[in-house]
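Student:
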Amino acid sequence: KLHSDLDKGVGTVKYTLSGDGAGTVFTIDETTGDIHAIRSLDREEKPFYTLRAQAVDVDTKKPLEPESEFIIKVQDINDNEPKFLDGPYVASVPEMSPVGAYVLQVKATDADDPTYGNSARVVYSILQGQPYFSIDPKTGVIRTALPNMDREVKEQYQVLIQAKDMGGQLGGLAGTTTVNITLTDVNDNPPRFPKSIFHLKVPESSHVGSAIGRIRAVDPDFGKNAEIEYNIVPGDGGNLFDITTDENTQEGVIKLKKPLDFETKKAYTFKVEASNLHLDHRFHSVGPFKDTATVKINVLDMDEPPVFSKPVYTMEVYEDTPVGTIIGAVTAQDLDAGSSSVRYFIDWKNDVDSYFTIDSTEGTIATNELLDRESTAQYNFSIIASKVSNPLLTSKVNVIINVLDVNEFPPEISVPYETSVCENAKPGQVIQTVTAADKDLSPAGQRFSFRLSAEASNKPNFTVHDYRNNTAGIETRRNGYSRRQQELYFLPVVIEDSSYPVQSSTNTMTIRVCRCDSDGTILSCNVEAIFLPVGLSTGALIAILLCIVILLVIVVLYVALRRQKKKDTLMTSKEDIRDNVIHYDDEGGGEEDTQAFDIGALRNPKVIEDTKIRRDIKPDSLRFPRQRPPVEDNTDIRDFINQRLQENDVDPTAPPYDSLATYAYEGNGSVAESLSSIDSLTTEADQDYDYLSDWGPRFKILADMFGEEESYNPDKVT
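The sequence shown begins at 820 in this note's numbering and counts up by one.
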């Protein structure tokens, strides 16, 4: 309630209200000043409101007092229950944990005013989950309440937690949440075999390394605590088998380490131990974390292939042994109960196998061709044995045959076959050490001896000194040698081997006399060097030869240019394209010289001119025939004349003498029309050649020629 001292209660004062919630949450009686709440208030929404009030004169509307400010505070009541904002919860705790082991801490919040009363004081309790777990009523910490909780008995627990305000008193509001607790595994259980004896049946034909059976020990633990390792306890038959762990199923996989044989042993018995890989020291007192079981394996009899007596057969035979000679035998047996006969044959893979044959019943191997150790020193092939009762059951063995050497090749000098000696060599000087090679192969190694041939022993030039170690030295016997007297010496050396029968050969060595310095270094061995002046080096000789070649090239180029100038032709007249007279520097025989050309070509254009030798001069070389292009009717005279003109200009056989080049056809389209009656539609009688005289001195020869011909031969020419 608001009241002003100036209010006399006569209605002259009016009260106004402004600020937070004025008109919406709070209202004021303008006459009495009473303030009322017009809707419900929520402290959790807005705990206080700040308002301003003023007393105003009703008539003048002027404030009677300054504006005053006041605060309305909302008093809290317990209208909010505690809430678990992070629920529901998930927690875990190891199994077999002691009492009081920490699990999880929960927390509930209350929106009420914690400073006013007990509305926000929360107390925790367990509604569901006892007697396994407990909770601290003030802190909300959950702990184990029972010892030795076993995951293998129960793994999941659901605990219902309650939070109540008002300190847990009657009338307080409460909220709940769920906590899902899982017991995690620890290795508290050893592996156990479900039975003490395992029986397995294994065929004797099982391959080494193959799995022949599985056994399993059970461990109720989980994850790595359930990982099991299997081992075979040393004892009877255990060395033939091995056992490994299947990581997916934790089973023990028994594998075969060695082949089984029913005829040798029909059953095996051994023990297998299963143990955990990851042990927990807290549970050692429970007992050993391992178990043992017995495995009995019965071997099943199978029809097996024959078995060779040896894994590999090695035989020896001398080369050139007669065909059909037996060199050895292989043996295979059927070890099954009903023993069957065995047949042998060669596993043909290439042509080398055809050098031998095998007896299918006895297994004896004989030569089929003559053998040559120098061609092939060793043969390697396979023999297959099969049972007569079941040919599909076969076995294979390798046979190695070494071809022994027979001394059939003489020894020879190893390279080099040529050596040199200095002109200033002294007697007894070793100029070359030679060795020998033999294509034959002796098991103990060959021994070679060296000597001069009989015809060379009497010559005092060189000798052979045998060092008795398969080498020999070529020694000089003269004091100096001369290349001018003899440049090459041929020394026959006889070499013998130590095998039986003894083989020998005579090898000729070539010894070249060379010029050397005082230290014995060879300077030159060429015979041409004997006649060269002293002091003329190889570089100087090359320079001289190069100068000679350059001079020869210059001379050849000069001669070629001179000849080219003589063959160049100069045209003196290029004004009239119809001019067919070619002028040269040298004057010819004149118009009366009719031996230089054949005038018959002007009369008959169809005649192909044969290749002729010029008659106005005597040719000094063979003239190559000049091919005339085929004549075509109605071709342009300009192109034709240019073609013939170019042909004469580039003709290498035409000397610069006066000659008349004739053409088979002039062409059409001349301003003066055709000058010939060839191919003319009219007869010769219709032709008038007087107009040729009017064309000037250039056509005087044609005018005279056709005038004379008309008077000489009045007959018509078609």
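Cβ atoms here follow ideal geometry from the backbone N, Cα and C, with glycine treated the same way.
Go through its chain and collect everything with a Cβ distance to Ile1349's Cβ below 8 Å, but skip five positions before and after it.
Tutor: Per-residue confidence for Ile1349 stands at a pLDDT of 46, beneath the threshold of 50, marking its modelled position as unreliable; the derived number appears in the next sentence. The answer, listed in chain order, is Arg1302 and Arg1303.
Student: Please list the segments of the beta strand (DSSP E) lying wholly inside the region 900-927, counting only runs of 3 or more residues, in order along the chain.
Tutor: Runs found: 908-913 and 921-924.
Student: Confirm, please, whether the CB-CB distance from Val893 to Thr831 is below 9 Å.
Tutor: Not in contact: Thr831 and Val893 (Cβ atoms no closer than 9 Å).
Student: Could you please give the first and the last residue of the uninterrupted alpha helix (DSSP H) stretch that includes Gln1462?
Tutor: Ile1456 to Asp1468
Student: On a Cα-Cα basis, can you pick out the residue from Glu914, Leu1511 and Gly906 that is closest to Ile980?
Tutor: Closest by alpha carbon: Gly906.
Student: Kindly provide the ranges of any beta strand (DSSP E) runs that are 3 or more residues long and lie completely inside the region 1206-1232, ordered along the chain.
Tutor: 1213-1223
Student: List the endpoints of the continuous alpha helix (DSSP H) containing Glu1274.
Tutor: Ala1273 to Ser1276
Student: Could you compute how far the alpha carbon of Arg1192 sits from the alpha carbon of Phe1309?
Tutor: 34 Å
Student: For the candidate residues Asp1004, Leu1019, Pro1053 and Leu965, whose alpha-carbon lies nearest to that of Glu1046?
Tutor: Asp1004
Student: Taking Leu992 as the reference, give the member of Ala930, Glu1294 and Gly1515 with the closest Cα.
Tutor: Ala930
Student: If Thr1113 and Ile1016 are in contact, beta carbons under 8 Å, what's the gap, nearest whole angstrom?
Tutor: 5 Å
Student: Less than 6 Å between C-beta atoms, sequence neighbours within five positions excluded: which residues of the same chain meet that for Ser944?
Tutor: Excluding residues within five positions, the ones whose Cβ falls inside 6 Å are Gln981.
Student: With Ile1202 and Val1216 assumed to form a contact (beta carbons below 8 Å), what rounded beta-carbon distance in angstroms separates them?
Tutor: 5 Å
Student: According to DSSP, what are the bridge partners of Asn1199?
Tutor: Ile1219
Student: Secondary structure at Pro1309, three-state DSSP: helix, strand or coil?
Tutor: Pro is not the amino acid found at residue 1309; the sequence shown has Phe there. Three-state DSSP puts Phe1309 in a strand.
Student: Where does Ile1373 sit, in a helix, a strand or coil, going by DSSP?
Tutor: helix
Student: Could you give the DSSP three-state label for Met985: helix, strand or coil?
Tutor: helix
Student: So who's on the other strand from Val1136, going by DSSP bridges?
Tutor: Note: Val1136 sits in a beta bridge opposite Val1222.
Student: Quick check on DSSP: helix, strand or coil for Lys957?
Tutor: Correct three-state label for Lys957: coil.
Student: Should Arg1358 go down as buried or exposed, given a rule of 16 or more other Cβ atoms within 10 Å for buried?
Tutor: It should be noted that the sequence gives Gly, not Arg, for residue 1358. It is exposed - the Cβ of Gly1358 has fewer than 16 other Cβ atoms within 10 Å.
Student: Determine the burial state of Lys1043: buried for a count of at least 16 other Cβ atoms within 10 Å of its Cβ, exposed for fewer.
Tutor: exposed
Student: Is the Cβ-Cβ distance between Ile961 and Val942 less than 9 Å?
Tutor: no
Student: Who are the near neighbours of Pro1190 in its chain, counting only those whose CB is closer than 6 Å to its CB and skipping five residues on each side?
Tutor: The amino acid occupying residue 1190 in the given sequence is Leu; Pro does not appear at that position. Glu1138 and Val1222.
Student: Kindly list the residues whose CB is nearer than 6 Å to the CB of Val909, restricted to its own chain and excluding five residues on each side of it in sequence; keep chain order.
Tutor: Asn999
Student: CB-CB under 7 Å to Val1321, same chain, minus the five flanking residues each way: which ones, in chain order?
Tutor: Glu1315
Student: Return the bridge partner residues of Ser1323 from the DSSP annotation.
Tutor: Ser1323 pairs with Glu1315.
Student: Let me confirm a value: His822 is counted as buried when at least 16 other C-beta atoms fall within 10 Å, else exposed. Which label applies?
Tutor: exposed
Student: Just the Cα atoms here: how many angstroms apart are Asp1080 and Thr1144?
Tutor: The alpha-carbon atoms of Asp1080 and Thr1144 are separated by roughly 38 Å.
Student: Which of the three DSSP states is assigned to Thr1388 in this structure?
Tutor: For Thr1388, the predicted model reports a pLDDT of 47, less than 50, meaning its position is unreliable; a value from the coordinates is still stated below. In this structure, Thr1388 counts as coil in the three-state DSSP scheme.
Student: I believe Gln924 touches Thr958 by the beta-carbon criterion, under 8 Å. Please report the beta-carbon distance rounded to the nearest angstrom.
Tutor: Between Thr958 and Gln924 the Cβ distance is about 7 Å, and since that is below 8 Å, they are a contact.
Student: Is there contact here, the region 1105-1124 with the region 1015-1034, by at least three beta-carbon pairs under 8 Å?
Tutor: yes
Student: Use the C-beta contact count for Tyr1163: other C-beta atoms within 10 angstroms, 16 or more gives buried, fewer gives exposed.
Tutor: Buried, by the Cβ-count rule.
Student: Over the uninterrupted beta strand (DSSP E) stretch that includes Lys892, give me the two end residues.
Tutor: Ser887 to Lys892
Student: Quick check on DSSP: helix, strand or coil for Cys1344?
Tutor: coil
Student: Run the CB neighbour count on Thr1560, radius 10 Å, all protein chains shown included, and call it buried at 16 or more, exposed below.
Tutor: What the structure shows of the chain is the stretch from 820 to 1537, and residue 1560 is not part of that stretch, so it cannot be assessed.
Student: For Glu863, list the residues DSSP reports as bridge partners.
Tutor: The partner list for Glu863 (beta bridge, DSSP) is empty, contrary to what the question assumes.
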